[in-house]
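Reading the sequence shown from the start, the letters are residues -22 to -1, 1 to 506 in mature numbering (1 follows the signal peptide of the UniProt record, and there is no 0). Note that CB positions come from ideal geometry on N, CA and C, so glycine has one too. A quick note: this is a predicted structure, and the numbers were derived from the prediction, not measured.
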Amino acid sequence: MKIRPPLPFAFLFTLLVLHAGAKPIDPYKVLGVEKSASQREVQKAFHKLSLKYHPDKNKSKAAQEKFAEINNAYDILSGEEKRKKYDMFGDEKGGPGQSGFTSGPGGWQHMGGDGSSQTFSFSFGSPGGSSFFGFDYNDIFSRFFSRKSIRAISSDVFKKEISDKGMAWLLLSYTPALQQGKQHYESIIDEVAGLLQGAIKVGRINCETEHSLCKDLGMHPGRALRLFVYSYKRNEKGSLEEYKGDLVAKNVKTFCQDHLPRFSRRVSLNHFDLSSSNLEKYPRVILLSTKKDTPVIWRALSGLYHKRFSFYDAEVHDVSELAAKQLGVDALPAIIGWLPSGEKHILKSGISVKDLKSAIKDLSLLLDSFEKKNKKVASSQASKNQTDSTQRKLPLLTALNSDTLCGDKTPVCIIGAFRSSRAREKLESLLYKVSQKSLTRRPNVASGSRDSVSYIVLDATKRPFFLCAFDKSGYISSDNILVAFKPRKGKFAAFSGDMTVEEVEKFISSVLNGDIQFTKTRQKPVLK
């Protein structure tokens, strides 16, 4: 009686026979590129061929076989390590211990550098993608060709790393049953991730295992794969926007760029004073560049550092422009920041960009450093204010608060300028006492009263240019100076009497009663 071998053994024997007769194939020849081709050229060749032979467009068996060949070739050449191994040890024969792949009549086999192999075939198995022996070849195919840069997203990952975190994500929605075309989607996602590296992250969501997440987000694939961008285009809270265009890397990249964060405010330097426009919760930074629109790098950073910095950007054609000169910029692009005190810092000028990823990394380090400086200064200032609260009763005029304390809405500012700590103590004591008297008592500035008088002190050693608006020398020979200034009219009157409560009170009473002559300022007072 003739004994038939077990079916699995017969199947294995058949595979061995097929492998023995397999023909060696050079992945470079399959993709039609030279061995010296760049990774970008390899990607372009792969995308061109995969579109041509994709099963969705070409149903013939020959096209399916060619498509598998292309994918195998790209798998070897798309990774730097695999490509190096192939270039060092592989040859057109693709023998044991070499990196290469062979094609035989039953399927396609990839050979690793250690001699291990995996075989994939479209020519056998059940319609659902599983072989008759219970192995899911589609699942093996998916795991083998999955891109390492495309992260598997779970509900926990989405909540902790994606939702309203300021980073744009390109997300593929799929189920294990939807394998046809998945590798092509992933190759496009992989390429876009490379082109926008640092500005965007990529991931895939298995809507079979993460059914609730996909349902809540409205991104279940149904019968076809779906591509989404987690976007900040519309408002500060992130939202999903589905990509419905042609599956071409260039188009997907443009779509992603359009949905990057937009937390930077576009301003004109001629009509916007960053140093004193208003009091903000966060430290401020502005990018000056020749770009007509907010650069991609700055938009990405505005998302990464959202609610840590207030971002601005402005178009500047040349450093010779007056606004650029006033800010002290000598090269473009440039980034300028302001400390809580209003002190200006040129963080970097003449910025050179190698690529998106390195630029975002370098500028992130720059912002991190400035943020630490801000926190240190703010902490020091808070501690100092608390220590001196019993001694210092009047606010110190800075670029940051000048609009609030002595802006156009304030009829009269009584400014006591000092050049020493002793002079400061004397001025604060005098002005505080006078401000409490009935005839010169100051109403609450915050109430918006048009009759309010602002009593403030100024450090003349740090803000010498401010006093030059009233006196050519900036009262350089005086240790303490008292000036009444009307911001709206641009006029002032300087006190020249003895620094006593009585004399200062008489001066301020005359100012309020209109009994003293005011003079036009030499120039607009500027806090630098």
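query: Is it buried or exposed for Phe443, if we count other Cβ within 10 angstroms and need 16 for buried?; result: exposed
query: Tell whether a beta-carbon distance below 8 Å holds between Ser242 and Cys192.; result: no
query: From the DSSP output, read off the bridge partner residues of Ser288.; result: Arg262
query: In its own chain, which residues sit with a C-beta less than 8 Å from the C-beta of Lys339, not counting the 5 before and 5 after it?; result: Gly176
query: Using the three-state DSSP reduction, which class does Leu148 fall into: helix, strand or coil?; result: strand
query: Secondary structure at Thr497, three-state DSSP: helix, strand or coil?; result: strand
query: Taking the C-alpha atoms as reference points, what is the distance between Glu12 and Tyr6?; result: 6 Å
query: Can you list, in chain order, the residues of its chain with a C-beta nearer than 7 Å to that of Cys185? Leave out the 5 residues immediately preceding and following it.; result: Ser151, Tyr152, Thr153, Cys192, His198, Pro199
query: Does DSSP put Gly93 in a helix, in a strand, or in coil?; result: Since pLDDT at Gly93 reaches only 39, below the 50 mark, its modelled position is unreliable, and the value read off the structure follows with that caveat. In this structure, Gly93 counts as coil in the three-state DSSP scheme.
query: Take the Cβ of Gly223 as the centre, count every other Cβ of all protein chains shown within 10 Å, and call the residue buried at 16 or more, exposed below.; result: exposed
query: Do you know offhand how far Ser209's Cα is from Gly57's?; result: 29 Å
query: For Ile486 versus Ile392, is the C-beta spacing smaller than 8 Å?; result: yes
query: By alpha-carbon positions, which one of Arg204, Leu203, Glu220 ends up nearest to Lys211?; result: Glu220
query: Is Lys502 helix, strand or coil by DSSP?; result: coil
query: So the beta strand (DSSP E) Ser127 belongs to, where does it begin and stop?; result: Taken as a continuous stretch (DSSP letters only), Ser127 belongs to no beta strand (DSSP E), as it is neither H nor E.
query: Roughly how far, in whole angstroms, is the beta-carbon of Cys384 from the beta-carbon of Ile434, given that I think they are within contact range, below 8 Å?; result: 6 Å
query: Measure the beta-carbon distance from His189 to His32 and round it to whole angstroms, keeping in mind my assumption that it falls under 8 Å.; result: Their Cβ separation, rounded to whole angstroms, is 28 Å, which puts His189 and His32 out of contact at 8 Å.
query: Check for me: the beta strand (DSSP E) holding Tyr453 runs from which residue to which?; result: Tyr453 -> no beta strand (DSSP E), and no H or E assigned at all.
query: By the three-class DSSP mapping on this structure, what secondary structure does Gly394 have?; result: strand
query: Report buried or exposed for Leu372, applying the criterion of at least 16 other Cβ atoms within 10 angstroms of its Cβ.; result: buried
query: Three or more beta-carbon pairs under 8 Å between the segment 155 to 174 and the segment 222 to 239, yes or no?; result: yes
query: Three-state secondary structure (DSSP) at Lys222?; result: coil
query: Over the uninterrupted alpha helix (DSSP H) stretch that includes Leu173, give me the two end residues.; result: 160 to 173
query: With a threshold of 16 other CB atoms inside 10 Å of the CB of Thr272, please say whether the residue is buried or exposed.; result: buried
query: Figure out for me which residue from Asp142, Leu375, Met477 has the closest Cα to the Cα of Lys411.; result: Met477
query: Note down, one range per segment and in chain order, each beta strand (DSSP E) of at least 3 residues found wholly within the segment 293 to 331.; result: 312 to 316, 322 to 327
query: What does the Cβ neighbour count give for Val331, buried or exposed, with the cut at 16 atoms within 10 Å?; result: exposed
query: Measure the CB-CB distance between Ile329 and Ala312 and report whether it falls below 8 Å.; result: yes
query: Measure from the alpha carbon of Lys415 to the alpha carbon of each residue in Gly452, Ser430, Glu483, Lys387, then state which is nearest.; result: Glu483
query: Work out the CA separation of Leu29 and Lys35 for me, nearest whole Å.; result: 8 Å
query: In this structure, what does DSSP give as the bridge partners for Ser267?; result: Glu293
query: Count the other CB atoms, across all protein chains shown, that sit within 10 Å of the CB of Val390; report buried if there are 16 or more and exposed otherwise.; result: buried
query: Could you tell me how far apart the beta carbons of Gly320 and Thr376 are, in whole angstroms, since I believe they sit closer than 8 Å?; result: 4 Å
query: Rounded to the nearest angstrom, what separates Lys285 and Lys44 at their Cα positions?; result: 51 Å
query: Do the CB positions of Ala292 and Leu238 come within less than 8 Å of each other?; result: no
query: What is the C-beta distance between Leu203 and Lys160, in whole angstroms, given that I count them as a contact (C-beta under 8 Å)?; result: 6 Å
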